[in-house]
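Numbers 13 to 245, taken from our numbering, label the letters of the sequence shown in order. Beta carbons are placed, not taken as given, at the ideal position from N, Cα and C, and that holds for glycine. Reading through the structure tokens given below for one structure.
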Amino acid sequence: MNAVLASVTDVFEAELVVECGVDWVDVKDPAAGALGAASPAIIADIVRRVGGRCPVSATIGDTWSTPELIPARVAACAAAGVDYVKAGLDARDVEPDTLDLLARAAASHALIVVCRAEVPPTARDVAALAASGIAGIMLDTADKRGPGLTALHPHEVLAGFVAEARRAGLLCGLAGRLRLADVAALRPLGADYLGFRGALCDGGARIRRVERAAVTAVVAAMRGTAENHTATR
Numbered sequence: 013m014n015a016v017l018a019s020v021t022d023v024f025e026a027e028l029v030v031e032c033g034v035d036w037v038d039v040k041d042p043a044a045g046a047l048g049a050a051s052p053a054i055i056a057d058i059v060r061r062v063g064g065r066c067p068v069s070a071t072i073g074d075t076w077s078t079p080e081l082i083p084a085r086v087a088a089c090a091a092a093g094v095d096y097v098k099a100g101l102d103a104r105d106v107e108p109d110t111l112d113l114l115a116r117a118a119a120s121h122a123l124i125v126v127c128r129a130e131v132p133p134t135a136r137d138v139a140a141l142a143a144s145g146i147a148g149i150m151l152d153t154a155d156k157r158g159p160g161l162t163a164l165h166p167h168e169v170l171a172g173f174v175a176e177a178r179r180a181g182l183l184c185g186l187a188g189r190l191r192l193a194d195v196a197a198l199r200p201l202g203a204d205y206l207g208f209r210g211a212l213c214d215g216g217a218r219i220r221r222v223e224r225a226a227v228t229a230v231v232a233a234m235r236g237t238a239e240n241h242t243a244t245r
């Protein structure tokens, strides 16, 4: 069964999504970018409130093209007590120096590399990233005004990414402006988790507040208990 990862901005949203049955809480500031970093105080507060009930991860800001920032930011984020730290990366044709930076960061904490979905990694890149010691890998869109993941790539490309991650022994996630209507097609791919933000929010806008009804609908669809969901949040 795919886990449901919900990105939240504060304790209120974290409590709400856990009450609705979400499996994984991810902390970010959507107003600060695709992987905008929340404050250490907010991250630590969320860990205190929901940590132990589900995994908690947090993002470190948009480091897609600045991998030199990753080790220090991972260390600072890890200090808040999260289970995983997520770092964005342009992972196509990843450079040896970048792999060294990831190895430094992954040596001290469980690191998930968020690959920019607009230019996804090759099979060779996935294997190289795994060799750096990271815990997981996922696809997510860097441009939140552009096409979502399922518009960017056909089913075969996403299935191939999941298969390569599995082969490399990595946790694997898919995200990127996912809608409720995307769930039926993505569930069979076998990713460990699917990540949502906009689909959980008022009006489908990622910078608005999470809504209980929207979260419940996504969780039901992911569990296969939804009935004829056609909304595209």
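Would you grab the beta carbon distance between residue i and residue j for me? Rounded to a whole angstrom, and I think it's under 8 angstroms.
{"i": "ASP74", "j": "GLY45", "result": "4 angstroms"}
{"i": "ILE72", "j": "ALA99", "result": "6 angstroms"}
{"i": "PRO83", "j": "ARG218", "result": "Incorrect: roughly 28 angstroms between the Cβ atoms, too far for contact."}
{"i": "LEU161", "j": "ALA203", "result": "Not confirmed; about 11 angstroms, so no contact."}
Residue i to residue j, Cα distance in whole Å?
{"i": "ALA103", "j": "VAL34", "result": "28 angstroms"}
{"i": "LYS40", "j": "ILE149", "result": "17 angstroms"}
{"i": "GLY93", "j": "LEU114", "result": "19 angstroms"}
{"i": "VAL227", "j": "PHE208", "result": "9 angstroms"}
{"i": "LEU123", "j": "ALA147", "result": "5 angstroms"}
{"i": "THR153", "j": "CYS184", "result": "15 angstroms"}
{"i": "CYS66", "j": "GLY145", "result": "23 angstroms"}
{"i": "SER140", "j": "ALA117", "result": "According to the sequence shown, residue 140 is Ala rather than Ser. The straight-line gap from Cα to Cα measures roughly 15 angstroms."}
{"i": "ALA180", "j": "ALA171", "result": "14 angstroms"}
{"i": "ASP112", "j": "ASN14", "result": "31 angstroms"}
{"i": "ALA53", "j": "CYS89", "result": "10 angstroms"}
{"i": "ASP109", "j": "ARG157", "result": "31 angstroms"}
{"i": "CYS127", "j": "GLU27", "result": "28 angstroms"}
{"i": "SER77", "j": "VAL106", "result": "11 angstroms"}
{"i": "GLU25", "j": "PRO200", "result": "28 angstroms"}
{"i": "LEU47", "j": "ASP155", "result": "10 angstroms"}
{"i": "ALA163", "j": "LEU151", "result": "13 angstroms"}
{"i": "GLU168", "j": "ALA225", "result": "32 angstroms"}
{"i": "ALA229", "j": "GLY236", "result": "11 angstroms"}
{"i": "ALA70", "j": "ALA50", "result": "8 angstroms"}
{"i": "ARG178", "j": "VAL125", "result": "15 angstroms"}
{"i": "ILE55", "j": "GLY216", "result": "24 angstroms"}
What does DSSP give as the partner residue(s) for residue i in the beta ladder?
{"i": "LYS156", "result": "LYS156 pairs with nothing; no bridge assigned."}
{"i": "THR7", "result": "Because the chain in this structure spans residues 13 to 245, residue 7 falls outside the shown range and cannot be described."}
{"i": "ARG128", "result": "ASP152"}
{"i": "GLY185", "result": "MET150 and TYR205"}
{"i": "ALA15", "result": "TYR205"}
{"i": "LEU123", "result": "VAL97"}
{"i": "VAL249", "result": "Only positions 13 to 245 of the chain appear in the structure, and residue 249 is not among them; the question remains open."}
Identify, in the order they occur along the chain, each residue of the same chain with its Cβ nearer than 6 angstroms to the Cβ of residue i, setting aside the five sequence neighbours on each side.
{"i": "SER19", "result": "ASP38, LYS40 and ARG209"}
{"i": "GLU176", "result": "ALA135 and VAL138"}
{"i": "ALA142", "result": "ALA180 and LEU182"}
{"i": "VAL68", "result": "VAL37, VAL59, VAL94 and ASP95"}
{"i": "GLY188", "result": "ALA129, ASP152, THR153, GLY160 and LEU161"}
{"i": "HIS165", "result": "none"}
Consider the Cβ of residue i: report whether some Cβ of chain C lies at a distance smaller than 8 angstroms.
{"i": "LEU47", "result": "Structure shown: chain C not included; a single protein chain is present."}
Suppose the cutoff is 8 angstroms on Cβ atoms and the five residues either side in sequence are ignored; what does the same chain contact list for residue i look like?
{"i": "ALA233", "result": "LEU192, VAL195, ALA196 and HIS241"}
{"i": "VAL231", "result": "VAL16, CYS32, GLY33 and VAL34"}
{"i": "GLU223", "result": "LEU212, CYS213 and ASP214"}
{"i": "LEU198", "result": "ASN14, THR162, LEU170, LEU186, LEU190 and LEU206"}
So, for residue i: in the same chain, excluding its five sequence neighbours on each side, which residues have a beta-carbon less than 7 angstroms away from its beta-carbon?
{"i": "ARG220", "result": "CYS213 and ASP214"}
{"i": "VAL62", "result": "ALA26, GLU27, VAL30, VAL37 and VAL68"}
{"i": "HIS121", "result": "VAL86, ALA90 and VAL97"}
{"i": "VAL131", "result": "ASP102 and ARG104"}
{"i": "PHE173", "result": "PRO132 and LEU151"}
{"i": "PRO79", "result": "LEU101, THR110 and LEU113"}
{"i": "ALA119", "result": "GLY145"}
{"i": "LEU81", "result": "THR75"}
{"i": "GLY64", "result": "none"}
For this session: Ignoring anything shorter than 4 residues or poking outside the region 18 to 88, list the alpha helix (DSSP H) runs there in chain order.
Result: 23 to 31 and 52 to 62
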